[in-house]
Every structure is written in structure tokens, then in C-alpha cells.
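Colleague:
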Amino acid sequence: MPVSYPENLPMRVAALERLVQYLYTASQTRPAQDSIQTGALIIGDPAGPHIRLIPSGTGGAEIWLVPAAGADPTKLVADVTTGYPSEATFHVLSAAGASSSAEFNVASGEVNMAVHDANGTGENGGQAYWGHDLAAFGYIDGSSNNFFSFSPSGVSRHFGQWDDFADLSSTAGWLWGSITVGGSGTSTTINYPSVMASNMGPILTLRNGLGNATIRWAITASSTSGVTVQWDVSASVALYMCSFRH
Numbered sequence: 038m039p040v041s042y043p044e045n046l047p048m049r050v051a052a053l054e055r056l057v058q059y060l061y062t063a064s065q066t067r068p069a070q071d072s073i074q075t076g077a078l079i080i081g082d083p084a085g086p087h088i089r090l091i092p093s094g095t096g097g098a099e100i101w102l103v104p105a106a107g108a109d110p111t112k113l114v115a116d117v118t119t120g121y122p123s124e125a126t127f128h129v130l131s132a133a134g135a136s137s138s139a140e141f142n143v144a145s146g147e148v149n150m151a152v153h154d155a156n157g158t159g160e161n162g163g164q165a166y167w168g169h170d171l172a173a174f175g176y177i178d179g180s181s182n183n184f185f186s187f188s189p190s191g192v193s194r195h196f197g198q199w200d201d202f203a204d205l206s207s208t209a210g211w212l213w214g215s216i217t218v219g220g221s222g223t224s225t226t227i228n229y230p231s232v233m234a235s236n237m238g239p240i241l242t243l244r245n246g247l248g249n250a251t252i253r254w255a256i257t258a259s260s261t262s263g264v265t266v267q268w269d270v271s272a273s274v275a276l277y278m279c280s281f282r283h
């Protein structure tokens, strides 16, 4: 019995060949990725812990890590500096939006860690900064600054104050302070706030109240409880002390 073929068989074969070629090409080609131009992409439950991807946030491209519903997020922000040429910077803002937030910032030639106020601009706590021409560490709030700075010239500086020795504990490494003694005395003992945890090395100087008169004086005793000073003329004096624990 003769075999019959459809009249459009050549067209069907050609269509099948085109389909095979299309499937092969598709299998070798990376599919186009989705692109979100403006809105945020939320991964997870918006009413609970979730990740929010924001292509264009307040500071640039942002990733929010939200630990729970209503909680302040930790933000990862990529933006650029305002100077010329503009350079990429990277911020990690912890608890952004809270009464106090922490920031880790990496920019060209500098790394900074700081605590900010609620709007994210004011400094009100501990800071650590490393840059090309300065390194600084301490507490900075604009009014009660207390920090160390280090320069490439080899000079180190401290800005702020030292606590009075009477307010420190037995494990303090440095005791600073001063006392005054009335005009009838010839000796005094500076008592430490408590028995110190190890041996102390006192460094003192004496300012006498007799003007140009010469006074001989010396440290006559030192222990973990205090230091005794004597001078040879009855006079009002001021004693300035630094005692280090070793």
C-alpha cells in the first residue's frame, strides 16, 4: 500500500527545524533579569522580619534589614561624596531612626565609626576615625569632647580633661589631682580613693605660697594607700599629683 504524506510536509519540517534552533539558542542564552526602577522590593513578611531593597533611597541604593514589625532597621547604604571628583562611600547605620544610632562608614581614604543623634547628623558619643592625615579615638559631642588624636608627624594629642583621683576605683591606671594645705602645715598625706590594686608610682610638684622664698620638700612615704610629702617651712602650699599604677 503506498504511503501518503501531507501536502504541507516540507513546511512542517521547516517549522520543526526552526523550533529546534530556537530551543537550542534559548538554552544557551542567559534570560533577562527583572529590573525594578523605582519601587522597593520586599523579601519576607512586611508585617514581621524582612529585607527591603530600595534602588533609590534617601542616601542612594539601600538595603534595610528589619528585625521585627515596628522595629528600627539596620540600613546598608551606598552613595557618593559631594566633592569633586565624586567617590563611592558605604554606610552601615544601626537602628536608623532610633533616638541614637551607630554608623560605620567606608569612603575613599577614610574609615569612620560614630554614634549619631536621631536625625543621623549630630555626633553624640564614641568615635573612631582613620584617615590619610589623622587618626582619632574617643568621645565627641561638640561640647564635652574627650579624645586622642594621632598625626603622621608622630605627634599624639589629648583633648579634654582627666578625672580627679578622688573619684576613681582601685583599678584605675592613672590618678590625677591637686590639693591645698594651709599656712601652718609642714606635711600632708594624699590618700588614694581606696587601696589600689597594685604598686603606685607618684609624681608630684609643690607650689609654695611664700612668693620667692625657698622651700625644700620631698616625698617621704608612698604606698598603695597614698603618698606623704614634707616641706621645711610652714607655708600654704598646693600639691599637684600624677600617680600611675604598675
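The opening position of the sequence shown corresponds to residue 38 in this note's numbering, with each subsequent residue numbered one higher. For every residue, glycine included, the Cβ atom is placed at its ideal position computed from N, Cα and C.
Based on DSSP bridge pairs, tell me the residues matched to H87.
Modeller: G81 and V103
Colleague: Taking 8 Å as the threshold (C-beta atoms), are Y229 and S186 in contact?
Modeller: no
Colleague: Determine the DSSP secondary structure at E54, reduced to helix, strand or coil.
Modeller: helix
Colleague: Suppose you measure from the CA of I79 to the CA of G85; what does that come to, to the nearest Å?
Modeller: 11 Å
Colleague: Which residue from D116, V103 and G146 puts its Cα closest to that of S131?
Modeller: Comparing C-alpha distances from S131 to each of D116, V103 and G146 shows the shortest one belongs to V103.
Colleague: Pull up the distance between the alpha-carbon of Y61 and that of A51, whole angstroms please.
Modeller: The alpha-carbon atoms of Y61 and A51 are separated by roughly 16 Å.
Colleague: Find out if the Cβ-Cβ distance for the pair G97, A77 is shorter than 8 Å.
Modeller: No, the pair does not count as a contact, with Cβ atoms beyond the cut-off.
Colleague: Please state whether the Cβ-Cβ distance between L241 and L276 is less than 8 Å.
Modeller: yes
Colleague: Which residue wins for smallest C-alpha separation from N182, given the options A234, M48 and F196?
Modeller: F196
Colleague: Can you tell me whether A132 is helix, strand or coil according to DSSP?
Modeller: Of the three classes helix, strand and coil, the one that applies to A132 here is coil, per DSSP.
Colleague: How far does the beta strand (DSSP E) with W268 in it extend, from its first residue to its last?
Modeller: G263 to W268
Colleague: Alpha carbon to alpha carbon, how far is L46 from E54? Give it in angstroms, no decimals.
Modeller: Looking at the two C-alpha atoms, the distance is approximately 12 Å.
Colleague: Secondary structure at A209, three-state DSSP: helix, strand or coil?
Modeller: coil
Colleague: On the DSSP letters alone, give me the boundaries of the beta strand (DSSP E) that R244 sits inside.
Modeller: M237 to N245
Colleague: Do you know offhand how far S271's Cα is from H283's?
Modeller: 34 Å
Colleague: With respect to the beta strand (DSSP E) encompassing V274, which residues constitute its N-terminal and C-terminal limits?
Modeller: V274 to R282
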